[in-house]
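What follows is a single structure, written as structure tokens, with notes after it.
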Amino acid sequence: VLLYIPSGATAARPVPCILGLNGSGNQTVHPDEGITESVVVEEAFRTPERVARGAAAHQWQVETILRRGFALATVYSGDVEPDVPDGSRREGVRSLFDSPNEDGAPPPTWGAIAAWAWGLSRTLDAIADVVPE
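FYI, in the working numbering the residues of the sequence shown are 4 to 136.
Put into structure tokens, the structure is as follows:
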């Protein structure tokens with residue numbers, strides 16, 4: 004999770020937060036060297052690919068968001084659930100929940116989009132308790 008909070012935000016003066024999913028790693032949102040770099044796995048070749056810092060900064064407009072008094076939180080979709088063509092769930096959050104039912108029947112299926120929505124919901128729960136110092 005990458006979270007930017009505008010200056011002036013306090014427990015007594017909370018600010019609204021824009022929450023979004025990014026598809027190339029948190030480091031692409033802003034050229035800030037302090038952002039931990041995500042390794043994006045290129046599924047076609049199963050090779051790690053590093054995406055440039057700030058490559059998607061024009062889409063996120065971090066400074067404008069902060070200047071207007073909003074916080075910004077983003078999560079890299081691949082950190083929640085990789086988007087793989089075969090729909091397998093080897094590496095994402097779905098693999099943590101998919102176990103046979105008590106009667107041995109296969110678990111109900113959910114796709115990557117549902118996993119990303121779940122991840123954003125959990126992120127929202129976590130950032131709701133962040134108190135700027």
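Every residue, glycine too, gets a C-beta built ideally from N, C-alpha and C.
Separation of residue j from residue i, as counted between CA atoms
{"i": "PHE48", "j": "SER10", "result": "Note that PHE48 scores a pLDDT of 47, beneath 50, so its modelled location is shaky and nothing firm can be said."}
{"i": "ALA12", "j": "ILE130", "result": "14 Å"}
{"i": "ILE21", "j": "VAL133", "result": "14 Å"}
{"i": "GLY37", "j": "LEU127", "result": "22 Å"}
{"i": "TRP119", "j": "GLN64", "result": "22 Å"}
{"i": "ALA60", "j": "VAL42", "result": "18 Å"}
{"i": "TYR7", "j": "LEU69", "result": "8 Å"}
{"i": "ALA14", "j": "GLY72", "result": "14 Å"}
{"i": "GLU94", "j": "PRO17", "result": "36 Å"}
{"i": "ALA115", "j": "VAL32", "result": "22 Å"}
{"i": "PRO34", "j": "GLU40", "result": "11 Å"}
{"i": "GLN30", "j": "GLY81", "result": "13 Å"}
Residue range of the alpha helix (DSSP H) that includes residue i
{"i": "THR126", "result": "115 to 130"}
{"i": "SER98", "result": "97 to 100"}
Unbroken beta strand (DSSP E) run spanning residue i, endpoints
{"i": "ILE21", "result": "20 to 25"}
Nearest-angstrom beta carbon gap, residue j and residue i [assumed within contact, 8 Å]
{"i": "THR77", "j": "LEU5", "result": "5 Å"}
{"i": "GLY23", "j": "TYR79", "result": "The pair is not a contact, with the Cβ atoms about 11 Å apart (cut-off 8 Å)."}
{"i": "VAL83", "j": "GLY122", "result": "3 Å"}
Would you list, in sequence order, the uninterrupted alpha helix (DSSP H) runs of no fewer than 4 residues that lie entirely inside the segment 53 to 93?
60 to 63, 65 to 70 and 80 to 83
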